[in-house]
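The next block holds one structure in the form of structure tokens; read it before the comments.
Numbering (UniProt numbering), first residue to last: 1 to 381.
Next comes the structure, spelled out in structure tokens:
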């Protein structure tokens, strides 16, 4: 293979040739000595020096440009970090909210699964019970009464279904009365005792309260809001202030004067009404309620409806805390965003106060006496 020719280095060993010494020229009298400025000028005239200086200037320009870019980049990075911190905080808040909602949903799902498992176990127990029942009519009737009372007791504790429990007790007593056997007297006495307990509970007109809430929900769209008020149209003012026309003036020399007086009165009345419409002083605890856009007003009404619907659901499930919380929130919304001087709003507030006066925190009795009496009789040999 052909080898590349080697380039001799500049510092390679060269024949030791010593240039002849140039004798120093003595300074001629009258010849001025070269100054530093002239030396620098001669240095600038050299081509290599010009190139070096050009590179230095170019390097300085690049350094200055790089410095500016780095500074701008720092500012951009700082702004991005600030935006990222704000976004991270919002994301963290949303994540915490989602976690809380997830925990609540998991708790509800767990409760539903527990109830479903309980219902399934009861169903399996009922099926097994029916399979193991003998042909004895009394045992079959007692098993049916036990299941009915168990279901009524669960409905009474979970949903406060007093009427359902009373119907179940009445059906059980009716089934036992058909057999007409003295050994069932103890069970019927326990059923009568539980029936008296349920009848002694303070009555709550659930249907009536729910109907009042439905009426308020239906009126939400017609309730006047603080942001709905607008100045009266000039045409309406003209109709209010215009004198009665079509009546002939009184004959006589004062007809012209009377006409001028009527025209002047009409003009001054219209001007005064227009001036009154320019400035309107109203007191509002929340100034933002006066500046709601149509879409915000729509969503405010929808939120009020949702609050009332939640209160209705809490009423039917006898959830005292949720019932009162939703009613208080609905009343606060009425006071904050709606015109409380309007009769319809005042009527809605009165209805909500009347609904809120109902006490749902009633401790429901159990059907333990009847269930224990039935199960004790079944356990006898």
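Virtual Cβ for every residue (Gly too), placed ideally from N, Cα, C.
Do residue j and residue i come within 7 Å of each other at the CB atom, strictly closer than that value?
i           : j           : result
residue 209 : residue 351 : no
residue 312 : residue 213 : yes
residue 223 : residue 366 : no
residue 374 : residue 185 : no
residue 164 : residue 157 : no
residue 147 : residue 126 : yes
residue 292 : residue 320 : no
Distance, Cα to Cα, residue i vs residue j?
i           : j           : result
residue 70  : residue 60  : 15 Å
residue 298 : residue 170 : 50 Å
residue 318 : residue 160 : 7 Å
residue 24  : residue 49  : Residue confidence for residue 24 is low, a pLDDT of 42 falling below 50, so the modelled location carries little weight; the figure read from the coordinates is stated next. About 27 Å.
residue 64  : residue 102 : 55 Å
residue 173 : residue 336 : 55 Å
residue 305 : residue 181 : 56 Å
residue 82  : residue 76  : 10 Å
residue 141 : residue 348 : 51 Å
residue 32  : residue 57  : With a pLDDT of 44 at residue 32, under the threshold of 50, the modelled position of that residue is not reliable, and the figure given next carries that caveat. If you take the alpha carbons of residue 32 and residue 57, they lie about 34 Å apart.
residue 237 : residue 300 : Summary for residue 237: the model assigns pLDDT 43, below 50, so the residue's position carries little reliability; its value from the coordinates is reported in the next sentence. The straight-line gap from Cα to Cα measures roughly 32 Å.
residue 200 : residue 189 : 17 Å
residue 316 : residue 143 : 30 Å
residue 91  : residue 307 : 27 Å
residue 178 : residue 119 : 30 Å
residue 55  : residue 79  : 36 Å
residue 219 : residue 191 : 45 Å
residue 89  : residue 100 : 16 Å
residue 168 : residue 115 : 21 Å
residue 331 : residue 98  : 28 Å
residue 111 : residue 202 : 29 Å
residue 93  : residue 85  : 12 Å
residue 51  : residue 87  : 52 Å
residue 325 : residue 270 : 49 Å
residue 296 : residue 225 : 11 Å
residue 228 : residue 343 : 15 Å
Measure how close the beta-carbons of residue i and residue j come, nearest whole angstrom, since I'm counting them as under 8 Å.
i           : j           : result
residue 323 : residue 314 : 4 Å
residue 356 : residue 327 : 5 Å
residue 166 : residue 195 : 7 Å
residue 371 : residue 153 : 7 Å
residue 198 : residue 162 : 6 Å
residue 193 : residue 339 : That pair is no contact at about 54 Å.
residue 204 : residue 358 : 6 Å
Would you give the residue range spanned by the alpha helix (DSSP H) that residue i belongs to?
i           : result
residue 225 : Taken as a continuous stretch (DSSP letters only), residue 225 belongs to no alpha helix (DSSP H), as it is neither H nor E.
residue 214 : 206-219
residue 310 : 294-316
So is residue i in contact with chain D if we call contact Cβ pairs under 7 Å?
i           : result
residue 317 : You won't find chain D in this structure, because it holds only one protein chain.
| Ordered list of alpha helix (DSSP H) runs contained in the segment 322-370, each at least 4 residues | 343-356
| request: May I have a chain-ordered list of the alpha helix (DSSP H) segments no shorter than 4 residues that lie completely inside the segment 134-199? | output: 137-159, 162-179 and 185-199
| field | Every unbroken beta strand (DSSP E) inside the segment 54-123 [3 residues or more] | value | none
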